[in-house]
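According to this note's numbering, the stretch in the sequence shown is residues 873 to 1293, in order. Inspection log for the structure reproduced underneath, given as structure tokens.
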Amino acid sequence: MRFEHLQDWLDWQQTLHSEKIKLGLERVARVARELGLMRPDFRVVMVSGTNGKGSITAILESIYHEAGYRVAAYTSPHLLHYNERIRIGKKNVEDAPLCAAFDLVDQARGDLSLSYFEFGTLAAMQIFSTLPLDVAVFEVGLGGRLDAVNIYDADASIVSSVGLDHVQWLGSTRESIGLEKAGIFRTGKPAVCGDNDPPETLLKYARDIDSRLYLVGEDFSYRQGSDGRWAFRTEKLDWDDLPAPNLYGDVQVGNAAAALMSIQCLDEVLPVQRESVERGLQDICLSGRFQRVVGKCEMIFDVAHNLDSAKVLGKNLQELGPASRTYAVFAVLEDKDVEGIIGSVCEQIDEWYISELDSERSLDCADLQDRIVRLDPDAIVHTCPSVEQAWQAVEKEACETSRIVVFGSFLTVAEVICLHV
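See below:
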């Protein structure tokens, strides 16, 4: 084995490929064939989308687990530990099987260069292939059509939403991005779209390949009650008084509805009773999605890093009502819609503590400050050398009736959670 310790494997993988993001299926499919991974023995559900795909993956995982199925999930990125990306029975994989899988992938690849994400995807598939699984849920890393997980033919696919993000790889319009995400659909297999306004390219692609597409508002619907309970409707189901997902925000009911539609699509091979759905909705484990923590004051961790997710964050903050003072700890990557993110939340923020991220793609702190002030000339903005120092400065200022909101990137949230825990 090349390395004995997981961190050594991960550090080495990041030096292997000249491009951090390399879309395409040829390399990963070649290694998967060498390892005998192309035809899994378990059912595969694929989840893509600009926002919401992590939540839907967690919802599916939780419900199938409560239904008694042997379920695995592959997600990215992680917040604190790489092991979070690969879960079996809702538990993170241990270091030893991960290292063993990396070794097998390394041997199978020969002189072929693999990206960090491709290495992880193949390792997850290798681990899953050794287990007596019923179903595995794969969260797409980027786009869909050319994402490494798409070497598998999904038994059911879900596109949670289509928005503008990663435009340098997926295109600059919802139509181009929708087509990329529809690339996970398969002929003769069910596909679900949870976007209320799906791009025509996505609809046409489903028609062209003869995939049965289930659309929110047409093939399934949901209605929220004032008490947090909700109703779910399809041609076959009429469920009232469902418990709210154990995730904050109205948007999560829409994610749950898309997940339930997918579950119904596979009901003949993976039947799920309402009781399992209710237990699963109440036992979802997912950090960093409007995660509320009470310490010295109320703290909110949210990985919102594009326009649509920032709009949801702003709406959620508004619904919470005002604190005596709301502080933001904010750092963001330069290739994001920074003005859109700021504009979506600035009315809910009284004071900003900003910094740069430990990434070559981080937005410069002075540039970030300029953009905040340009959008809100009265904004109070403090620049800090690091996320850690921004957090420490906020902690000194906050009192019991304050609120601290940490957002802008998975990296921002991960660093603060590490400090907090």
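Heads up, the beta-carbon is just placed ideally off N, CA and C, and yes, glycines get one too. All values derive from a computational prediction rather than experimental measurement.
Out of curiosity, what's the CA-to-CA distance linking E1272 and K1183?
26 Å
Cutting at 7 Å between CB atoms, please list the residues of its own chain near L888, excluding the five before and the five after it.
S985 and L986
Using a Cβ cut-off of 8 Å (strictly closer), state whether A1103 contacts chain D.
Given the protein chain composition of this structure (a single chain), no chain D is represented.
Once the 5 residues before and after A1262 are set aside, which same chain residues still bring their CB inside 6 Å of it?
V1201, Y1225, S1227 and C1256
So, under 8 Å CB-CB, E1211 and R1161 are touching, yes? Tell me the CB distance rounded to an integer number of Å.
Not really, about 23 Å apart at Cβ, beyond 8 Å.
Keeping to the same chain, check which residues put their C-beta closer than 7 Å to that of S1148; ignore five residues upstream and five downstream.
I935, E938 and A939
In the region 1200-1261, which residue ranges form an unbroken beta strand (DSSP E) of at least 3 residues, counting only runs that do not cross its ends?
1223-1226 and 1253-1255
Backbone CA spacing between W1111 and T929 [nearest angstrom]:
21 Å
Using a Cβ-Cβ cut-off of 8 Å (strictly less than) and excluding sequence neighbours within five positions of G1167, which residues of its own chain qualify?
H1292
Classification of S1032 by the beta-carbon crowding that lies within 10 angstroms, buried from 16 upward
buried
With H, G and I counted as helix, E and B as strand and the rest as coil, what does DSSP make of D1113?
strand
Please report how far the alpha carbon of R1275 lies from the alpha carbon of Q885, in whole angstroms.
39 Å
Decide if Q979 is buried, meaning its Cβ has at least 16 other Cβ atoms within 10 Å, or exposed.
exposed
Can you tell me which of D1006, N1068 and A904 puts its alpha carbon nearest to the alpha carbon of P1143?
D1006
Under the DSSP definition of a beta bridge, which residues are partnered with M918?
F1010 and S1029
Do G1066 and I1030 have their C-beta atoms closer together than 8 Å?
yes
Quick check: T1073 and D1091, are their CB atoms within less than 8 Å of each other?
no
Taking just the CA atoms, how far does E1232 sit from D1080?
41 Å
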